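Worksheet: one structure, shown below.
Number of protein chains: 2
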Amino acid sequence: MGRRERKKAATRQSLADAALELFLRHGFDQVSIRDVAEAADVSTTTLFKHFPSKEALLFDMDADVEQALVAAVRDRAPGTPLLKALRTHMLGARSVKAEYGEQIAAFERLVNSTPALVDYHRRMWMRHERALAEAIAADSGAPADDPVCAALAHLALESRALAGAAADPEAAVNAAFDLLEQGWEAVRPDGGRAS
Amino acid sequence: MGRRERKKAATRQSLADAALELFLRHGFDQVSIRDVAEAADVSTTTLFKHFPSKEALLFDMDADVEQALVAAVRDRAPGTPLLKALRTHMLGARSVKAEYGEQIAAFERLVNSTPALVDYHRRMWMRHERALAEAIAADSGAPADDPVCAALAHLALESRALAGAAADPEAAVNAAFDLLEQGWEAVRPDGGRAS
DNA sequence: CTCACTAAGTGCAACGAGTCAACATTTTGC
DNA sequence: GCAAAATGTTGACTCGTTGCACTTAGTGAG
Chain Z
1 MGRRERKKAA
11 TRQSLADAAL
21 ELFLRHGFDQ
31 VSIRDVAEAA
41 DVSTTTLFKH
51 FPSKEALLFD
61 MDADVEQALV
71 AAVRDRAPGT
81 PLLKALRTHM
91 LGARSVKAEY
101 GEQIAAFERL
111 VNSTPALVDY
121 HRRMWMRHER
131 ALAEAIAADS
141 GAPADDPVCA
151 ALAHLALESR
161 ALAGAAADPE
171 AAVNAAFDLL
181 EQGWEAVRPD
191 GGRAS
Chain U
1 MGRRERKKAA
11 TRQSLADAAL
21 ELFLRHGFDQ
31 VSIRDVAEAA
41 DVSTTTLFKH
51 FPSKEALLFD
61 MDADVEQALV
71 AAVRDRAPGT
81 PLLKALRTHM
91 LGARSVKAEY
101 GEQIAAFERL
111 VNSTPALVDY
121 HRRMWMRHER
131 ALAEAIAADS
141 GAPADDPVCA
151 ALAHLALESR
161 ALAGAAADPE
171 AAVNAAFDLL
181 EQGWEAVRPD
191 GGRAS
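Heads up: the sequence lines are chains Z and U, in that order. Under UniProt numbering, the first residue of the first sequence is numbered 1, with each subsequent residue one higher. Under UniProt numbering, the first residue of the second sequence is numbered 1, with each subsequent residue one higher.
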C-alpha cells in the first residue's frame, strides 16, 4: 500500500475520530460539518470526498455485517433450524456489544437519541435484505426471488428496529421471532431441513 | 367558519396544488421550495407556516388512516380471524387506489421514485404502529404492552414497505401475511376468538 | 363604530448541509 | 525527470429551514 493511500486513510481516520469525539461530547445536531472539518484540519469539501454525508461519519465501521448475516444462515451447525440460527445471531450481536462496555453503550445512546441517525442506521441495516433473502431461498431450495423468503428476510431484519424502540429489546426480538419461526414452519414445513 | 379560516385554507390548498403539479411535472428534487412558494404567490416563510417540510406538501390528505386501521381490527365481522381482517385491509387499500386510475398511479410513481419521499411516507405510516398494537392487544385479551402484539403490529405494517419494493406487491403482502398468520395462530391459539 | 387584539402573511437575513469549478499540491508510473 | 492522476483547498453557490421584525386584515368587546 503506497504512501498516498496511507495518507488518505489517515485523513479519513482523523475525520472519523474528530467526528466521533465531537458528536459524543456535544450531540450530533449541535456539531456542524464545518466543526468536524475544522477539528480534523481539512476543508469541508475534503470531508465530503471521504464521506457522502454527515451521518456516514459515524458508521465508518460497517465492515462485513452482511457477510456475517449470510454466514449465520449458510454455515450454521447442521440440524439447526434456519430461524433458530437467525434468532441467535440477532440476539448475539446484542450481547457481544454489551460486554464491550461504556464505549459502545455511549455510541448507541447517541445514535438512538438522534432521529436522523436512527434512520440512517436502519437504512444501512436494511440494505442486507436482498442478500439475506437470497441466502434463505438458497438454503430452503426456493427460487431466489421467492416472495415468502423475501418477506421473511425483511421481517427478520426489521426485528432490530422493533427492538430499538421497545422497553425490553431482547423480549421484542424474541416476540418477533416467535411469530416468524412458527409461521415459517407452517408455511415451509421442510424449510432448510429436507433437500 | 369565519372568513379568515377560509382564506387560510385557500392558500394552503393553492400551495398543495402548486406543489403537486410542479412535482409531477418536474420531479420532487428538481423543484425547490422557493419555486412552489412562487407558484402559489406566497413567501417561503408563509409556506412553512402551513407545512412543516417539503415532503409534507405532498401528504396533505393523511386523514384518518389510523382510525380505519384500528377499525379494521376492532369492527371486523364476528368470527373473522384477526389476521384475515388485517390482510384484507392491507390489500383493500391497494385495490381501491388502483381503480382511481392515472392520477393516483402517477402520484405513487413519483413517491416511489424519490428516496426522501419513500422514507417520509413510511414514517407517516409507521406512526400507527402503537395504535394498531394496542388494538390487537385489546382484541386478543393481552396486556396493552404485550411484546408479541407489538411485534405483530410492526411486522404487519412493514408489509407495505415490503410491497413497495417488490416486483409483485400483492404477492409480497400475501407472503408476509402467510407467515404472520400461521405464526400468530401458533403463538396465540385462541387469539381474538376465545374471551 | 372604533379600538385593541390576534392571526396571517411578508421580507430579509441567516444557518447548516451539500455541490461545483478552478486551482494548487503531492505521488506515482513510466 | 515528467506527465498524469489522485488529493486537497478555496470560495461561491443552491437548497431546506428558521428567526426576527414588520405589515395587513379579520374579530370581538365596549
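No residue lacks a Cβ here, since even glycine has one placed at the ideal position from N, Cα and C. As the structure is a prediction and not an experimental result, all values here were calculated from the model.
Item: Just to confirm, is the Cβ distance from Thr11 (chain U) to Val42 (chain U) under 8 Å?; Value: yes
Item: Return the residues of the stretch 145-163 of chain Z that lie within a Cβ-Cβ distance of less than 9 Å from chain U, sorted by chain order.; Value: Asp145, Asp146, Pro147, Val148, Cys149, Ala150, Ala151, Leu152, His154, Leu155, Glu158, Ser159, Ala161, Leu162
Item: Among U:Leu162, U:Met61, U:Arg3, U:Thr88, which one has its Cα closest to the Cα of Leu69 (chain U)?; Value: U:Thr88
Item: With a cut-off of 8 Å, does the C-beta of Trp184 (chain U) fall near any C-beta of chain Z?; Value: yes
Item: Is there a Cβ of chain Z sitting closer than 8 Å to that of Val73 (chain U), yes or no?; Value: no
Item: Please list the residues of the stretch 85-112 of chain U that have a C-beta atom closer than 9 Å to any C-beta atom in chain Z, keeping them in chain order.; Value: none
Item: Within 8 Å of any Cβ in chain U, is that where the Cβ of Leu180 (chain Z) sits?; Value: yes
Item: Which residues, in order along the UniProt domain "HTH tetR-type" (9-69) of chain U, keep a beta-carbon less than 7 Å from a beta-carbon of chain Z?; Value: none
Item: Check whether the Cβ atoms of Leu57 (chain Z) and Val73 (chain Z) sit closer than 8 Å, and answer yes or no.; Value: no
Item: Are there 16 or more other CB atoms within 10 angstroms of the CB of Ser113 (chain U), so buried, or fewer, so exposed?; Value: exposed
Item: I need the straight-line Cα distance from Lys7 (chain Z) to Leu47 (chain Z), nearest angstrom please.; Value: 14 Å
Item: In three-state terms, what does DSSP make of Leu132 (chain Z)?; Value: helix
Item: Taking Cβ positions, are Leu179 (chain U) and Gly141 (chain Z) nearer each other than 8 Å?; Value: no
Item: So is Ala172 (chain Z) in contact with chain U if we call contact Cβ pairs under 8 Å?; Value: yes
Item: Which residues in the same chain as Ala163 (chain U) place their Cβ atom closer than 6 Å to its Cβ, once the five residues preceding and following it in sequence are excluded?; Value: Pro169, Ala172, Val173
Item: Taking CB distances under 8 Å as the criterion, tell me whether Val118 (chain Z) reaches chain U.; Value: no
Item: For Val118 (chain Z), collect the residues of the same chain with a Cβ closer than 8 Å to its Cβ; drop the 5 residues on either side in sequence, then sort them by chain order.; Value: Val111, Asn112, Gly164
Item: Using a C-beta cutoff of 8 Å, does Ala166 (chain U) count as contacting chain Z?; Value: yes
Item: I want to see whether chain U comes within less than 8 Å of Ala137 (chain Z), judged by CB atoms only; does it?; Value: no
Item: Between Leu24 (chain U) and Ala106 (chain U), is the Cβ-Cβ spacing less than 8 Å?; Value: yes
Item: Excluding sequence positions up to five away, which residues of its chain have a Cβ less than 8 Å from the Cβ of Leu22 (chain Z)?; Value: Val31, Asp35, Val36, Ala39
Item: Counting contacts by CB-CB distance shorter than 8 Å, is Ala176 (chain U) in contact with chain Z?; Value: yes
Item: Leaving out five residues before and five after Arg130 (chain Z) in sequence, what residues of the same chain have Cβ atoms less than 6 Å from its Cβ?; Value: none
Item: Indicate whether Ala176 (chain U) and Ser159 (chain U) have their beta-carbon atoms separated by less than 8 Å.; Value: yes
Item: Tell me the residue span of the alpha helix (DSSP H) that contains Tyr120 (chain U).; Value: 115-126
Item: From Glu185 (chain U) to Ala153 (chain U), what does the alpha carbon distance come to, in whole angstroms?; Value: 15 Å
Item: Check the C-beta distance from Thr45 (chain U) over to Ile33 (chain U) and give it rounded, since I have them as a contact under 8 Å.; Value: Going by Cβ atoms, the distance from Thr45 (chain U) to Ile33 (chain U) rounds to 11 Å, so no, they are not a contact pair.
Item: Ends of the alpha helix (DSSP H) at Arg4 (chain U)?; Value: 3-26
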